[in-house]
Structures are given as structure tokens and as C-alpha cells.
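*Asks:* This is the structure I want to talk about, given as C-alpha cells.
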């Protein structure tokens, strides 16, 4: 029997152990997509207790607690931080097979030196140990980032954001980890949302555009904000899409659709999709001009539990996989950009693991010499960033594309302790490659293997996104 989560955790053969311990383990982390707050980095926040850093905003944990029958009071409600932690510990003790079990114990080991197991019997001990550790200066946000060997972080930022915290961080010579904004214009695209016109008014105010009352005016405002973001070091965009759609329309038709929305007339689904297609084609062309990479996250049906959405709002653990994602339309969308020679470097993430093969075949249609793996399949995302999901995503990419050119892992997290997900990913990567070698499916050429592993862990992302490192 193997020891629980020892130094060779998830490493089942000698080649895997060499690849991880000699190459992947100490390679830096480049976190090119996350949802952490740059203000907390700028102010070097410290946490009063483990609940604040571990459970605040973590809808992965919230979902599991709900599945254990925990009352919402102890999840997002008014229970004390200690009460919430105790409930979480009780649930975690039975989270067999769930990646939360591995993630949580990796974090306890790496940041708190705790090598035991967290459950209802050890909860008090772990609560006291973690809180004592968090009181030390070494556990401030900046020090957590530094000890995690992170070199660069991309946050997620709306076009109307003034990026004041990024500016302060860029001017702060005492902190050498780069914290760059990433452009996330979902609110400018989601024409069907009830608050869309209110958002346009805010966008107009920050751009100096007198009024955004036409699609042309919206494009002008967005170009101004993209120029500002670029001046602040941004070179990555990100989009949350229902699916990557392609519903072409004429300029006149698009202006009619925009005018209907201005007059608060309800749009049909087809009109909504035509507008969103045009929006994405426009920003895609701009990204090509700016030399930005475009990330497309799709396949999610959001806010399914109306009762809880009305109580808690979005991003609280009530999203699911959307099975509808026509791959032909995604291919048509990319083709519309490449026909104009305006296709930017693009990363495709689907929440549905059944889309792996479709993505893999689409990638090969649009690759060229402007970048290694110019069109990427993004890492196993959200509900798929567990052992099975990662293996399936990387195996599919290897079968149908260029695994060696893969940009690797990201945290996609709101927690400063989640950098251990990179370690989790690297262990799985090394074990998968090591198994192929041990099975005689790839030669034991350590020069090539070490290059592949370190490239996927770090170097590919650095080169692909053209970060200033």
C-alpha cells in the first residue's frame, strides 16, 4: 500500500518520478487566467483565519457542502468562520474520489506543513494550526505568491475598470511578480441582459463617447478601452460564451438590432446571436491587430437554480455543462477571421468533455507558422480539472494535435492557495508521459522528455502569450 500523498503522489513509475522531481516540480508558475482581486495583491492582504482564504468565494467547495446536506447558513450564510470551517472539515473527510480532497490536502501540506488528514476529528487541530500560520508575515498574499514560485498573474478585468491596482503594482518595485490585466468584455457583448443599457452608459462615461446609441459607437468605445488596456500591459482577452456561434448579418441589420435594444424591444434568439457573432468578429480582428491572444470559454449553462440565484447572485455554484455547442459554427467563426487574415492566437475551452475530439480536429484546420500551436485546446476546465478530465483532455490533444506545444495549466481560481493545482496538473502530466515511456510507446530520451515537460509546465505559455518575462 502506498503512503497517502507522499512525495511520489500520483507518480506510478520511475520515468514519471524523474520527470516530475528533476524537471516539473521546481519550474515556475505562470498563471495566465484567474479571478483573484488585484487590490488584495496591491494591499498585501493578510487573512484572519483559514475560512477567509479557503472558503470565501470557492463555489467548488460550496457545491460539495450542499451535496452533503449542509445548511446554507454554514456555506454562504451568517454562521461564524469557525462554524463554516468545521462543517467543511466534516464534509471533506468523506470526499473520496473528489479532486477537492487532493487540492485541499496539497494546500495543507505546502502552505501549512500539515501532513495529516482533515476530517471532523482533526478539524480543531487544523483550525488552530492554520490560523497560527496565517498570522505570520510569510502568509500575506504577496508572500504566498512568492513562495509558490509564481512569476506572472493575469487577472480578469472589465473594459470599464480603471486598472488602478494594476498601475500601483506596476509602480511598486518591492514586488517583482508581474500582475497584468486580462480583457473580459462579456458585459459589453451580452445584449440580452436586463442591465445592458446601464452598462453602456458606464462604458460611454469612461471612454468620453457622448452616447453609445449605435453598434458603430460601441465599437469605437471598445477600441479606446482596448488601447488603454494595452498601455497597461494587457495582451490576453477572455470570453465566457454559451457556445462559439456563427450567425452572420449585414451592418444595416446589426444596427437595427442595436436600435431595437436601445428602444427596450425584446430581441429574438437569432437577433441576439447575430449581434454576438458580430461582436466577437470585431474584437477578434482587434486582437489580431494588437497581437493579443483570445481565450474562448464556452459550454456552460449558468445560474440554473433561480431560487438561489435570487438570494445569492451569480458565481455561487449553480452552473452546469451545456451540451449544445455546434462545432461547425465554431469552425465557421474561426474561418471568418482567417479569411480576412485577422485570426489571433486562440485558446478554446469547452466545459463539456465530449467536445475534446471536435476541438482537436478544428485546431488542425487553422494552424500556421505564426506561432507554435497557434490555435490551442485549453486545459481541462472547471468541472473537468480533475485527474480523469486532465488525462482525457491531454490524451485527446496528443492524439489529434501537438501536446508538446500545449500552454498547460491555469488556476481559474479566486483563492491564493490554489497554485498547488499546477503541481497536481504536473504530476498527472508526468505520470501520463512516464507511462507511455515505460510501455515502450515513446523512447526514454530524457533530453526531449524534459523539454516537453518544462515547456508544458511554463515555457510554452511564456512564449505563446508573449509575456514580458
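In the numbering used here, the protein residues as written are 2 to 470.
Backbone N, C-alpha and C fix where the C-beta goes; we use that ideal spot for every residue, glycine too.
Since the structure is predicted, the reported quantities are computational estimates derived from the model, not experimental observations.
1) Can we say the stretch 107-118 touches the stretch 394-409, given the rule of at least three CB pairs closer than 8 angstroms?
2) If we count the other Cβ atoms within 10 Å of its Cβ and call it buried at 16 or more, is residue 7 buried or exposed?
3) Have a look at residue 329 and residue 250 and give me their C-alpha separation to the nearest angstrom.
4) Just confirm the distance between the C-beta atoms of residue 490 and residue 187, as a whole number of angstroms; I'd bet it's less than 8 angstroms.
5) Taking the alpha helix (DSSP H) that residue 329 falls in, what are its first and last residues?
6) So what does DSSP say about residue 376, is it helix, strand or coil?
7) Between the stretch 341-349 and the stretch 287-297, are three or more C-beta pairs nearer than 8 angstroms?
8) Roughly how many angstroms separate the alpha carbons of residue 445 and residue 438, rounded to a whole number?
9) Let's test the definition: count the other Cβ atoms within 10 Å of the Cβ of residue 470 and tell me whether it reaches 16, buried, or not, exposed.
10) Can you check whether the CB of residue 427 is closer than 8 angstroms to the CB of residue 21?
11) Which residue from 67, 394, 376 and 365 puts its Cα closest to that of residue 357?
12) Ordered along the chain, which non-local residues of its own chain (more than five positions away) have a Cβ less than 7 angstroms from that of residue 142?
13) Just to confirm, are residue 352 and residue 32 a CB contact at a threshold of 8 angstroms?
14) Determine which residues share a DSSP beta bridge with residue 296 and list them.
15) Closer than 8 angstroms is the cut-off here; do at least three beta carbon pairs connect the stretch 454-468 with the stretch 53-60?
16) Only counting the same chain, and skipping five residues up and downstream in sequence, which positions put a Cβ closer than 6 angstroms to that of residue 168?
17) Let me know the alpha helix (DSSP H) ranges lying completely inside the stretch 385-426, each 4 residues or longer, listed in chain order.
18) So what's residue 156 in DSSP terms, helix, strand or just coil?
19) Rounded to whole angstroms, what's the CA-CA distance from residue 171 to residue 225? Just pull it up for me.
20) Got a sec? Which residues, its chain only, sit under 7 angstroms from residue 204 by beta carbon, not counting five neighbours each side?
21) Could you name each continuous beta strand (DSSP E) segment of 3 residues or more that falls completely within the stretch 144-225, going from the start of the chain to the end?
22) State the Cα-Cα distance for the pair residue 103 and residue 95, rounded to the nearest angstrom.
23) Report yes if the C-beta distance between residue 61 and residue 101 is below 8 angstroms; otherwise report no.
24) Identify whether residue 313 lies in helix, strand or coil by the three-state DSSP scheme.
25) On the premise that residue 255 lies in contact with residue 229, defined as a C-beta separation below 8 angstroms, what is that separation, rounded to the nearest angstrom?
26) Any idea if residue 105 is buried or exposed, counting beta-carbon neighbours within 10 angstroms, 16 or more meaning buried?
27) Among 334, 300 and 52, which has the Cα closest to the Cα of residue 125?
28) Checking the sheet assignment: what are the DSSP bridge partners for residue 321?
29) At the level of alpha carbons, what is the spacing between residue 290 and residue 391?
30) Look at the alpha carbon of residue 182 and the alpha carbon of residue 206, and state the distance between them as a whole number of angstroms.
31) Leaving aside the five residues before and after residue 381 along the sequence, list all residues of the same chain whose C-beta is less than 6 angstroms from its C-beta, in chain order.
32) Can you tell me where the alpha helix (DSSP H) holding residue 130 begins and where it ends?
33) Taking Cβ to Cβ, would you say residue 192 is nearer than 8 angstroms to residue 303?
34) Near residue 244, which residues of its chain fall below 8 angstroms by C-beta distance, leaving aside the five closest residues on each side in sequence?
35) Any contact of the stretch 80-97 with the stretch 147-158, i.e. 3+ C-beta pairs under 8 angstroms?
36) Quick check on residue 356: does DSSP put it in helix, strand or coil?
*Replies:* Walking through what the data contain:
1) no
2) Against the chain shown, residue 7 aligns to sequence position 6. Exposed: under 16 other Cβ atoms inside 10 Å.
3) Position 328 of the chain shown holds residue 329. Position 249 of the chain shown holds residue 250. Their Cα atoms are separated by approximately 18 angstroms.
4) Limits of the chain in this structure are 2 at one end and 470 at the other, which puts residue 490 out of reach.
5) Within the chain shown, numbered from 1, the residue matching residue 329 stands at position 328. From DSSP, the alpha helix (DSSP H) with residue 329 extends over 328-340.
6) Residue mapping note: residue 376 aligns to position 375 of the chain shown, counting from 1. In the structure shown, residue 376 sits in a strand (DSSP, three-state: E or B).
7) yes
8) In the chain shown, residue 445 corresponds to position 444, counting from 1. In the chain shown, residue 438 corresponds to position 437, counting from 1. Taking the straight line joining both Cα atoms gives about 6 angstroms.
9) Position 469 of the chain shown, counting from 1, holds the residue named residue 470. Flag for residue 470 reads exposed.
10) The sequence position of residue 21 within the chain shown is 20, counting from 1. The sequence position of residue 427 within the chain shown is 426, counting from 1. Yes, they are a contact pair.
11) Locating residue 357 in the chain shown gives position 356, counting from the first residue. The shortest C-alpha separation from residue 357 is found at 394.
12) Locating residue 142 in the chain shown gives position 141, where the first residue counts as 1. Around residue 142: 41, 42, 45, 46 and 417.
13) The count along the chain shown starts at 1 and reaches residue 352 at position 351. The count along the chain shown starts at 1 and reaches residue 32 at position 31. The answer is no: Cβ separation not under 8 angstroms.
14) On the chain shown, position 295 is the one that residue 296 refers to. 239 and 348.
15) no
16) Position 167 of the chain shown, counting from 1, holds the residue named residue 168. Within the same chain, residue 168 has no close Cβ partners at all.
17) 388-401
18) Start at 1 with the first residue of the chain shown, and residue 156 comes out as number 155. In this structure, residue 156 counts as coil in the three-state DSSP scheme.
19) Residue mapping note: residue 171 aligns to position 170 of the chain shown, counting from 1. Residue mapping note: residue 225 aligns to position 224 of the chain shown, counting from 1. Distance between the alpha carbons of residue 171 and residue 225 is about 21 angstroms.
20) Numbered from its first residue, the chain shown carries residue 204 at position 203. Only 160, 161, 189, 213 and 222 meet the Cβ criterion.
21) 151-155 and 179-181
22) Within the chain shown, numbered from 1, the residue matching residue 103 stands at position 102. Within the chain shown, numbered from 1, the residue matching residue 95 stands at position 94. For residue 103 and residue 95, the distance between alpha carbons rounds to 12 angstroms.
23) Position 60 of the chain shown, counted from the first residue, corresponds to residue 61. Position 100 of the chain shown, counted from the first residue, corresponds to residue 101. Against a cut-off of 8 angstroms, the Cβ pair of residue 101 and residue 61 comes out as a contact.
24) The count along the chain shown starts at 1 and reaches residue 313 at position 312. Residue 313: helix per DSSP, three-state reduction.
25) Translated into positions along the chain shown, residue 229 becomes position 228. Translated into positions along the chain shown, residue 255 becomes position 254. Actually they are not in contact, since the Cβ atoms of residue 229 and residue 255 sit about 25 angstroms apart, beyond 8 angstroms.
26) By one-based count along the chain shown, residue 105 stands at place 104. Burial call: buried.
27) Here the question's residue 125 lines up with position 124 in the chain shown. Of 334, 300 and 52, the residue nearest in Cα terms is 52.
28) Within the chain shown, residue 321 is the residue found at index 320, counting from 1. Answer is 302.
29) Counting from one through the chain shown, the residue named residue 290 turns up at place 289. Counting from one through the chain shown, the residue named residue 391 turns up at place 390. Approximately 33 angstroms between the Cα atoms of the pair.
30) Taking the first residue of the chain shown as position 1, residue 182 is located at position 181. Taking the first residue of the chain shown as position 1, residue 206 is located at position 205. Their Cα atoms are separated by approximately 20 angstroms.
31) Residue 381 sits at position 380 when you count from the first residue of the chain shown. Around residue 381: 390, 391 and 394.
32) One-based indexing of the chain shown puts residue 130 at position 129. Here the alpha helix (DSSP H) through residue 130 covers 124-135.
33) Stepping through the chain shown from its first residue, residue 192 is reached at position 191. Stepping through the chain shown from its first residue, residue 303 is reached at position 302. No. Outside cutoff.
34) For the purposes of this step, residue 244 is taken as the residue at position 243 of the chain shown. Cβ within range, chain order: 299, 300, 323, 325, 326, 327, 330 and 331.
35) no
36) Here residue 356 refers to the residue found at position 355 when the chain shown is read from its first residue. If DSSP states are grouped into helix, strand and coil, residue 356 belongs with the helices.
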